[in-house]
Amino acid sequence: MERKRMKSESQSENAILLTKIKEFTRSLLVNLINGNSPIILIDRFRNHCTLPDSNCFCGSDLPFGKEVLTLCKETHVHRLDVMLRVLLIVQKLLQENKHSSKRDIYYMHPSVFLDQSVVDRAINDICVLMQCSRHNLNVVSAGNGLVMGWIRFVEGKKIFDCISSPNTSHPIPVYVEDIKDIISVAHYILVVEKESVFQRLANDQFCNANCCIVISGRGYPDIPTRRFLRLLVDSLHIPAYCLVDCDPYGFDILTTYRFGSMQMAYDTKHLRVPEIHWLGAFPSDSERYFVPKQCLLPLTAEDKRKIEAMLHRCYLQREVPQWRLELKMMLQKGVKFEIEALSVHTLSFLTESYIPSKIHCKVKI
Amino acid sequence: MEFSSAQKLCLHLISSAYQRCRLSDQICRLAVGLTRSSSSDPSLQISISDTGIGSSLEEFQDLKVSFTNVAENWDGMLSIKTTSISDSEIHNYQINLKESGSSRITRLPSDTKNGAIFSGSEVCLSSSFVNPDLLLADIHSLLEKLLILNNPNIAIQLVSEDYDVPESRYEKVFLANTSEQSPISASSLEKMQSGLKDYVLKHGNNLSSICNSCFTSWEELKVGSGVACCTVNRLHTEVVMEAVIVISNMSIQNTTCFREYGNKTEVLYFKDFSPCAMPQISMKALKSIDWKRYGLHLGGIVELDGIALLEWENLSTDTHIDIVLHSYLKQYPALDRSFFALNFSTVIPAPRKMSQLDRSLLKKAVKLSLDDLKDKHSGDFLSSRAVQIRNHAPDLAQTIAGLIMSSSDFDFQRECFSLLGLQSQDVGTEIMENSIKEKIVSVIEMNDKESDKSKEIAPFLFEEEDHIQELEVEFQESDYSPLDLDMDMF
């Protein structure tokens, strides 16, 4: 995937990163020449812990420890092998101003990498070592997110003119750092967990009646989607609301938008959106909106385990205690339901009643 | 000491003669003769003579025979001539091993030495029911093993002859290895080291010289040795365990040079300068050694007539491992009557503690010799873990070279070349890769050695400290590797 980068500032970012890579290679070489095992220190980050007392530093974005890679352990050496191979690919990408997806990288040495997650970890390791974000490495993921509504922006030379037909979905651009000239008249951003809900809103012409921007990460949001949302919140200064299923996965996706993921904890400050509000569906909504009993599914044992684990996350108690209460209620009620369950009475219930009333009456936490 | 066959008794008598030579500070000769006249008299005359220090009769006092086999219907008579350097005459005795009490020993008239100053002994017996060929083979095997101790002061001659069969005379001389310049003052370990090398090169000392079709030089062998010793304060003596390990490569195409135990390792065990069967506790000790740390995989230990055979897994078919272990007391008092009779038998630690001590000394000595091998040939004795790590070295080197060679910064490239000591950029990727690979491999090998040293502390701290204190002993170590963290422990 070749593309011309327009900004000279990204060129200089590349040059800085290339210098860091050369310094890293040189230090490896100097260690080996001196007969020393290279010691590679990789900071460890987490976006939360499960310590009972809230005196942790998880909110500080500081590393909480270091991993030490040496040539003394086979697992370390394999990890280093993978990391160096990825680093070599990254160096080429940066030098040639090209971009590549994680999947492309995986297919360069599938027999060594064995699994995509191994490549993902190597990319994370490199980001931590080079103190940069993944897009700085020119490694991108195939865009998965969707956007529609009252917004117009330019990415590179491509114009995303959503305003001209606000109910048409557009893919969220992959090169979020190249987005400029954002124009919007929207009053808020609505983030929906699922594509089905996004399409429901598009079908119901939701954006005609509501001056907003609708985004969907289609499940767990990818990095471009989260960075795009962050960019919109930062540049438009409008509220953002999140609508997810009332089940442990919906809640986890909600926390991913707000607090970032553990895997990408090192870069969480660029990815999280602390301003986001939970619009629904709350466990209490089932009674308030008369969800029929047959639409309430019992929590499975795995669901319960997941909820119990999430209840321990330090940030819930510290920053969103109300979210935690709702999550606790989900566990107490022992049932879950999907957003679609709200629409059993009328198909357009979401568009016409649920969302507007929640936003109007500020029923969000 | 009880013997179940005349063969075993003969072997013991030869061993004793060897000890008498060893304790002499002179150059000595040990001669074993097996003679008969098959037509007139079927009995075999066995004579064992040596020019070592004279014999005390005590060493014969404990000897007993318990032949159950009717075919070995031997009269039990030994005739002994012996004289020490200070004696003016040669003492003659006759001992009937089948009897007990004072009637056992008959003193015969002495012979005069006519003022000559010499020492020596001769022990003779005759037996009509010993198979001369089997006995010859057994003696042969014993003398081949004794050569491993490689005592340059002792020359051994073996003669077998049937006077009635022309050209039946067989004669073989067993001499210590002199092809390696080992000074007379060399330690017993150094002697044993070159003795075992010789043993291997001569296919178990079967040949009189190095097997040229299998080996071209001494340097081919990988040799490691180690000593562990322990001073037992109460006994004013030192228990020593010496170990030598030789690794040889021999093409399997040489079918003529076959090995008796194939790829298995016969552990040659010496106790107080005599070859002997390996005690069970020592076998257990061998089994408990962490061979994997040296890239060796011990499959199991088979015991065959007192011979311990180690079976290896993943050993390449042309590789052979030879191990010799020698356990002895430094001031060995076997022939010093007063010490043996008064001190040793009364103060000697309980056998259980002694065997525990043997066990820990054996483990230590074998480990030190493996460490020695690893120090000298690091690449060949990497732990299984390090071998796995080393397998990544080519890939790591290729990627690091790739990072350098694919860099668009030529100054950086030049800097890396000069760091690696490579002259010009024309040398190419392959040379750079190889150079980096060598560096990585040497770091991995060094890490492996260092991890061994640091791991050594644990077993001594918790496993073996207790009984060492019980025995009031001081642990000392002498070995050829200068750096050993254990030394700081005691």
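Going down the list, the sequences are from chains P and D. For reference, each letter of the first sequence is one residue, going 27 to 391 in this note's numbering. For reference, each letter of the second sequence is one residue, going 23 to 512 in this note's numbering. For every residue, glycine included, the Cβ atom is placed at its ideal position computed from N, Cα and C.
Which two residues bound the contiguous alpha helix (DSSP H) that contains residue i?
| i | result |
| --- | --- |
| residue 1 (chain P) | Here chain P covers residues 27 to 391 and nothing more, so residue 1 (chain P) does not appear. |
| residue 292 (chain D) | Note, residue 292 (chain D): premise wrong, no alpha helix (DSSP H); beta strand (DSSP E) at 287–293. |
| residue 102 (chain P) | 100–122 |
| residue 137 (chain P) | 136–139 |
| residue 221 (chain D) | 210–223 |
| residue 261 (chain P) | 249–262 |
| residue 384 (chain P) | 381–386 |
| residue 321 (chain D) | Here residue 321 (chain D) belongs to no alpha helix (DSSP H); instead the beta strand (DSSP E) covers 319–326. |
I need the DSSP call for residue i, collapsed to helix, strand or coil.
| i | result |
| --- | --- |
| residue 150 (chain D) | coil |
| residue 313 (chain D) | helix |
| residue 364 (chain P) | coil |
| residue 198 (chain P) | coil |
| residue 57 (chain P) | helix |
| residue 43 (chain P) | helix |
| residue 362 (chain D) | With a pLDDT of only 39 at residue 362 (chain D), under the threshold of 50, the placement of this residue in the model should not be trusted; the figure read from the coordinates follows. Reduced to three states, the DSSP call for residue 362 (chain D) is helix. |
| residue 252 (chain D) | strand |
| residue 77 (chain D) | coil |
| residue 465 (chain D) | helix |
| residue 354 (chain D) | Caution applies to residue 354 (chain D), whose pLDDT of 42 falls short of 50 and renders its modelled position unreliable; the value that the coordinates give is listed next. In the structure shown, residue 354 (chain D) sits in coil (DSSP, three-state: anything other than H, G, I, E or B). |
| residue 409 (chain D) | helix |
| residue 177 (chain D) | strand |
| residue 238 (chain P) | strand |
| residue 275 (chain P) | helix |
So that I know if they touch, is there some Cβ in chain D lying closer than 9 Å to that of residue i?
| i | result |
| --- | --- |
| residue 117 (chain P) | yes |
| residue 61 (chain P) | yes |
| residue 99 (chain P) | yes |
| residue 282 (chain P) | no |
| residue 137 (chain P) | no |
| residue 103 (chain P) | yes |
| residue 111 (chain P) | yes |
| residue 48 (chain P) | yes |
| residue 43 (chain P) | no |
| residue 37 (chain P) | no |
| residue 52 (chain P) | yes |
| residue 58 (chain P) | yes |
| residue 67 (chain P) | no |
| residue 40 (chain P) | no |
| residue 374 (chain P) | no |
Which residue marks the beginning of the beta strand (DSSP E) containing residue i, and which one marks its end?
| i | result |
| --- | --- |
| residue 266 (chain P) | 266–269 |
| residue 341 (chain D) | 341–351 |
| residue 303 (chain P) | 303–306 |
| residue 129 (chain D) | 127–134 |
| residue 174 (chain P) | 172–175 |
| residue 58 (chain D) | 50–59 |
| residue 243 (chain P) | Careful: residue 243 (chain P) lies outside any beta strand (DSSP E) and carries neither H nor E. |
| residue 218 (chain P) | 214–218 |
Between residue i and the ligand GDP, is there a pair consisting of the residue's CB and a ligand heavy atom that are separated by less than 8 Å?
| i | result |
| --- | --- |
| residue 198 (chain D) | No copy of the ligand GDP appears in this structure; indeed no ligand is present at all. |
Using 8 Å for Cβ pairs, my map puts residue i next to residue j. What's the rounded Cβ distance?
| i | j | result |
| --- | --- | --- |
| residue 158 (chain D) | residue 56 (chain D) | 6 Å |
| residue 243 (chain D) | residue 270 (chain D) | 5 Å |
| residue 86 (chain D) | residue 119 (chain D) | 7 Å |
| residue 224 (chain P) | residue 172 (chain P) | 6 Å |
| residue 54 (chain D) | residue 75 (chain D) | About 18 Å; that fails the 8 Å criterion. |
| residue 286 (chain P) | residue 324 (chain P) | About 31 Å separates the two Cβ atoms, so there is no contact after all. |
| residue 112 (chain D) | residue 125 (chain D) | About 23 Å separates the two Cβ atoms, so there is no contact after all. |
| residue 238 (chain P) | residue 214 (chain P) | 5 Å |
With a cut-off of 9 Å, does the C-beta of residue i fall near any C-beta of chain P?
| i | result |
| --- | --- |
| residue 438 (chain D) | yes |
| residue 25 (chain D) | no |
| residue 30 (chain D) | no |
| residue 441 (chain D) | yes |
| residue 414 (chain D) | yes |
Counting Cβ pairs closer than 8 Å, one from the segment 326–338 of chain P and one from the segment 269–282 of chain P, do we hit at least three?
-> Segments in contact, yes.
State whether the segment 171–189 of chain P contacts the segment 207–227 of chain P, with contact taken as three or more CB pairs (one from each stretch) at a distance under 8 Å.
-> Enough Cβ pairs lie closer than 8 Å, so yes.
Give a yes or no on contact between the segment 377–388 of chain D and the segment 297–314 of chain D, applying the rule of three or more CB pairs nearer than 8 Å.
-> The segment 377–388 of chain D vs the segment 297–314 of chain D: in contact.
Counting pairs of Cβ atoms below 8 Å between the segment 174–194 of chain P and the segment 90–108 of chain P, do you hit three or more?
-> No: the two stretches stay apart, fewer than three of their Cβ pairs being nearer than 8 Å.
So, do the segment 66–81 of chain D and the segment 130–146 of chain D have three or more beta carbon pairs nearer to each other than 8 Å?
-> The segment 66–81 of chain D and the segment 130–146 of chain D touch, with no fewer than 3 CB-CB distances between them shorter than 8 Å.
Is the segment 463–473 of chain D touching the segment 94–104 of chain P in the sense that three or more CB pairs, one from each, lie closer than 8 Å?
-> Verdict: yes, contact present.
So does the segment 210–217 of chain D actually touch the segment 172–187 of chain D, counting three or more Cβ pairs closer than 8 Å?
-> Contact between the segment 210–217 of chain D and the segment 172–187 of chain D is present: 3 or more CB-CB pairs across the two stretches fall below 8 Å.
Segment contact, 8 Å Cβ cut-off, at least three pairs: the segment 113–130 of chain P with the segment 433–453 of chain D | Taking one beta carbon from each stretch, the segment 113–130 of chain P and the segment 433–453 of chain D have fewer than 3 pairs nearer than 8 Å; the two do not touch.
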